[in-house]
Amino acid sequence: MAWKLSSLGHEALRQRIGEASMGPVALAQSSRLVAWGRDTVRRRAEAITDRTLRGIVLGLLDNPTPYCDPQAGLSRLSFEVAAGGSWLGHHPYPGGLVVHTGINLRRALDSAALYREVYDLTVDEDLLAAAVILHDVMKAYTNQFYPRWDDRHGCFYEPETVRKGGLFAKWGDVRTMGHHNELVVAEMMVREAPPELVFATHCHQDQYADSRRNHRFVPPGDETWERTVEEALRKVPDTAAAPYRDTYLDERFRTLEAGLNYLSDGDWVITGAKAGPIARKALVAVIEAAGLVTDSREANLTALWLFSKLDPMRILGEWQLGGLAAAQDLIVASLIDPSDLVVS
Ligand SMILES: [Fe+2]
Ligand SMILES: [Fe+2]
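Counting from 287, one number per residue, gives the positions in the sequence shown under this note's numbering.
In structure tokens:
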């Protein structure tokens, strides 16, 4: 029997689209999941004992406005409301960035504990926590829901600087989200962050696939760890670049903390590549059953409302147990009664 949307489901969908029209800040702030991410990240950031590291971390969390766009007017809310990945990729909803960062932080610290237990390795947990917390901080700018968002299409706002032709436009074939990574490296140089923090934060590419050795994982001209640093060095004022230009190839900065940050960020392999397609498929089925057009503003607002409360990972879990119909049923049940998903 074909799956059908109940009249209660229709009514709930209309109501949720109306709520999402009020804007992404309210969506993020009403979500239990986002509150977990926000509090997990903030608590660890404030607990960093090293004053210099804590100063850089809290400075970026509270004001991620990049040096290249001083009018952007970002604030703490920009970080706490930003999307975590590309449009409908991993954590693509208001507050997705803090959820992604919180998950990575837990994974990194758990791995540090395991390495300590098994290998007797000493991990600098302050450095690791700072690097993980900052690794995607510039998504506050590139995946922006506050102060600007794309109200017309119902998705996040992408500033000119990171669009085609912009100073920090995406480049590379393998991982095309490199803009936020190059931006954070450049921004930290301008803010005079310690080199060990800059180089451990930069985790989009693996230091192992070293472009100087023509590694087989590195297509010519594509993003690598070194090439991204070199791009950033070219874009910041010379005085800001100097301390990093002389040190970025130094073996001292091929740290355990940089490696753990890279591994922890691998979470998108599941959240983006496995949960994302299933969740999108289930949501499209609900959208189409409601007579809405896929990729329309209303469809996008539904995605923002739903995923900010029910991460695609939850939908993946339901699909594994009961297939697509079960995933669709979970979506509709959440639209009708989200009381377990919202902060009271
Ligand atoms: Fe990233
Ligand atoms: Fe990330």
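Ideal placement from N, C-alpha and C gives every residue a C-beta, glycine not left out.
Buried or exposed by the 16-neighbour rule on C-beta atoms within 10 Å, applied to residue i
i, result
"L446", "Note that residue 446 is Glu in the sequence shown, not Leu. By the 10 Å Cβ count, E446 comes out exposed."
"W554", "buried"
"R330", "buried"
"Q430", "buried"
"G359", "exposed"
"Y405", "exposed"
"Y494", "exposed"
"V629", "exposed"
"G451", "exposed"
"A528", "exposed"
"R438", "exposed"
"R302", "buried"
"Q491", "buried"
"D422", "buried"
"R566", "buried"
"P624", "buried"
Those residues which DSSP pairs with residue i across a bridge
i, result
"Y548", "Per DSSP, none; premise fails for Y548."
"Q357", "Answer is none; Q357 lacks a bridge partner."
"D436", "C441"
"W628", "According to the sequence as given, residue 628 is Val; it is not Trp. Its beta-bridge partners are S317."
"T430", "It is Gln, not Thr, that sits at residue 430 in the sequence shown. Beta-bridge pairing links Q430 to Y443."
Residue i - containing alpha helix (DSSP H), residue span
i, result
"K567", "562 to 575"
"V404", "382 to 405"
"R337", "337 to 348"
"R324", "318 to 332"
"N586", "583 to 595"
"M599", "598 to 622"
"G370", "No alpha helix (DSSP H) contains G370, which DSSP labels as neither H nor E."
"E516", "511 to 521"
"P505", "No alpha helix (DSSP H) holds P505; DSSP gives it neither H nor E."
CB of residue i within 8 angstroms of CB of residue j, strictly
i, j, result
"A426", "P350", "yes"
"G388", "G323", "yes"
"W511", "A306", "no"
"A568", "A613", "yes"
"F454", "F539", "no"
"G304", "I622", "no"
"A561", "I617", "no"
"L383", "A368", "yes"
"C489", "D412", "no"
"T541", "L299", "no"
"L535", "T487", "no"
"V522", "M475", "yes"
"R513", "S497", "yes"
"V572", "L319", "no"
Cβ distance (whole Å) where residue i is taken to contact residue j below 8 angstroms
i, j, result
"A472", "A518", "4 angstroms"
"P310", "W457", "Not confirmed; about 28 angstroms, so no contact."
"A314", "P380", "4 angstroms"
Residue-chain proximity (residue i, chain B), Cβ-Cβ < 8 angstroms
i, result
"E403", "In the structure shown, chain B cannot be found, because there is only a single protein chain."
Quiz: which residues have CB nearer than 5 angstroms to ligand 4 non-hydrogen atoms: Ligands in the displayed structure: ligand 1 and ligand 2; ligand 4 is not one of them.
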